[in-house]
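A short worksheet on the structure shown next.
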Amino acid sequence: MINLGVMPAWTLLALAPRAAITQKLVHSFAYPFFDGLLYFGLLFTALVFMPGSGNAGMRSLSGVITIFSRPKGILTGWTHYLVFDLFVGVWISRDAIARGAKHWIIVPCLFFTLMFGPIGLFLYWVVRLAMNKGDLTLE
Numbered sequence: 002m003i004n005l006g007v008m009p010a011w012t013l014l015a016l017a018p019r020a021a022i023t024q025k026l027v028h029s030f031a032y033p034f035f036d037g038l039l040y041f042g043l044l045f046t047a048l049v050f051m052p053g054s055g056n057a058g059m060r061s062l063s064g065v066i067t068i069f070s071r072p073k074g075i076l077t078g079w080t081h082y083l084v085f086d087l088f089v090g091v092w093i094s095r096d097a098i099a100r101g102a103k104h105w106i107i108v109p110c111l112f113f114t115l116m117f118g119p120i121g122l123f124l125y126w127v128v129r130l131a132m133n134k135g136d137l138t139l140e
């Protein structure tokens, strides 16, 4: 279900990055805020209410394994990936628009960000350097 929640945003980023609806929904606080609330709720319940959650946590590999050993923990992790990858995709889109990059060149970067996170960001930086649209800064 969380997949369906982020797909409209990715579709707007790919097909209509400058459209008013994209600006209102995707480039606003709405997606990060509500997705962040969902993630917080899932993480809280996974850490506090999950059976055997005494070892669960982010301080050790065994704690992370405990979280991901249960379906709710996997859902929490998956939500984390989707929310954070969307945040990176939105940043890529906004940065590309600000730099005047041709959108058709950016769409594959967005796809790889959706599917493989950091690989999409890396690809965007390579494209940005190749097009002489900036260096590797986040500005």
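Numbering (this note's numbering), first residue to last: 2 to 140.
By construction, the Cβ of each residue, glycine as well, lies at the ideal position given by its N, Cα and C atoms.
Since this is a predicted model, take the numbers as computed values, not measurements.
Separation of residue j from residue i, as counted between CA atoms
i: LEU14; j: PHE41; result: 25 Å
i: LEU115; j: PHE50; result: 30 Å
i: PHE34; j: PRO9; result: 16 Å
i: ALA31; j: ILE3; result: 15 Å
i: PHE88; j: SER63; result: 28 Å
i: LEU47; j: LYS25; result: Note that residue 47 is Ala in the sequence shown here, rather than Leu. So the two alpha carbons sit approximately 32 Å from each other.
i: TYR82; j: ALA102; result: 26 Å
i: LEU130; j: PHE123; result: 11 Å
i: PHE112; j: SER29; result: 21 Å
i: ARG60; j: PHE45; result: 16 Å
Buried versus exposed call for residue i [16 or more other C-beta atoms within 10 Å across all chains shown]
i: ALA57; result: buried
i: LEU38; result: exposed
i: ALA21; result: exposed
i: PRO119; result: exposed
i: ILE75; result: exposed
i: THR67; result: buried
i: PRO18; result: buried
i: VAL127; result: exposed
i: LEU43; result: buried
i: THR12; result: exposed
i: ALA99; result: exposed
The alpha helix (DSSP H) enclosing residue i, as first and last residue numbers
i: ARG100; result: 72–100
i: LEU45; result: The amino acid occupying residue 45 in the given sequence is Phe; Leu does not appear at that position. First-last of the alpha helix (DSSP H) with PHE45: 31–49.
i: ASN4; result: 3–16
i: GLY118; result: That residue, GLY118, is in no alpha helix (DSSP H); it is neither H nor E in DSSP.
i: LYS1; result: The requested residue 1 does not occur in the structure, where the chain is confined to residues 2 to 140.
i: GLY64; result: 62–69
Cβ distance (whole Å) where residue i is taken to contact residue j below 8 Å
i: ILE107; j: SER94; result: 7 Å
i: VAL27; j: VAL91; result: 6 Å
i: ASP78; j: PHE69; result: A small correction: the amino acid at residue 78 is Gly; Asp does not occupy that position in the sequence shown. The Cβ separation is near 6 Å, so the contact holds.
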